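Heads up, the sequence shown is in this note's numbering, so the first residue is 1 and it goes up one at a time. The next block holds one structure in the form of structure tokens; read it before the comments.
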Amino acid sequence: MVGLPTWLWVDATPAAWGPATATAAVPGLSVTATARVDHITWMMGDGATVTCTTPGTPYSPARGAQPSPDCGHTYTRPGVHTVTATTHWTITWAGGGQTGTLAATRTTTVGDIRVGEMQALTS
């Protein structure tokens, strides 16, 4: 609904937010890498971009029309908006006497959000 807050969140699991750690080994050598999300960028489909440094807070009906405390958006025009989310990961690794840091992104199309508008009728 136009003017009502939209809450944005991801499950704070290792696969979705990190940290996710993996080790690869061969005789005499192992490398361990740990990946964590640095931030998530939401493209809201109406030209707005929302950047969040937390996984967000899941919405519950008890919160009513309150805005999200940490990651949200309010649509100002009706329409169908395709939402995508890009997670920005930082990967640190160590092994064989070396260390390093890599960056990676993962983009997912969340889906379409239909935003309606209520009209007031007066007589």
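Each residue gets a CB set at the ideal place from its N, CA and C atoms; glycine is no exception. Please read all numbers here as calculations on a predicted model, not as lab measurements.
Spatial distance of residue i from residue j (CA atoms)
| i | j | result |
| --- | --- | --- |
| T108 | A12 | 16 Å |
| L8 | V110 | 11 Å |
| T86 | D112 | 16 Å |
| V115 | R63 | 19 Å |
| P19 | A104 | 14 Å |
| M118 | P14 | 40 Å |
| T99 | A24 | 14 Å |
| P58 | V26 | 42 Å |
| P78 | L121 | 18 Å |
| R106 | T21 | 17 Å |
| G97 | P61 | 52 Å |
Nearest to residue i (by Cα), restricted to the options the options
| i | options | result |
| --- | --- | --- |
| A54 | A48, P69, G64 and P61 | The sequence given here has Thr at residue 54, not Ala. Taking only the C-alpha atoms, the option nearest T54 is P69. |
| G56 | C71, R63 and T49 | C71 |
| D46 | T105, Y59, V83 and A25 | V83 |
| V80 | M44, P5 and P27 | M44 |
| T49 | T105, P67 and T74 | T74 |
| L4 | Q66, L102, T21 and G97 | Q66 |
Cβ-based neighbour list, residue i, same chain, cut-off 7 Å, excluding 5 preceding and 5 following
| i | result |
| --- | --- |
| G95 | L29, S30, V31 and T32 |
| W17 | V10, V37 and P55 |
Contacting residues, own chain, Cβ-Cβ under 8 Å from residue i (five flanking each side not counted)
| i | result |
| --- | --- |
| T51 | H39, I40, T41 and W42 |
Chain D contact for residue i (CB, 8 Å cutoff)
| i | result |
| --- | --- |
| G56 | Among the chains of the structure shown, chain D does not appear; only one protein chain is present. |
Nearest-angstrom Cβ-Cβ length linking residue i and residue j, presumed shorter than 8 Å
| i | j | result |
| --- | --- | --- |
| V2 | T76 | 6 Å |
Residues near residue i by beta carbon distance below 6 Å, same chain, minus five either side
| i | result |
| --- | --- |
| L102 | I91 |
Worksheet entry | Touch test, the segment 29 to 37 against the segment 86 to 98, Cβ-Cβ under 8 Å, three pairs minimum | yes
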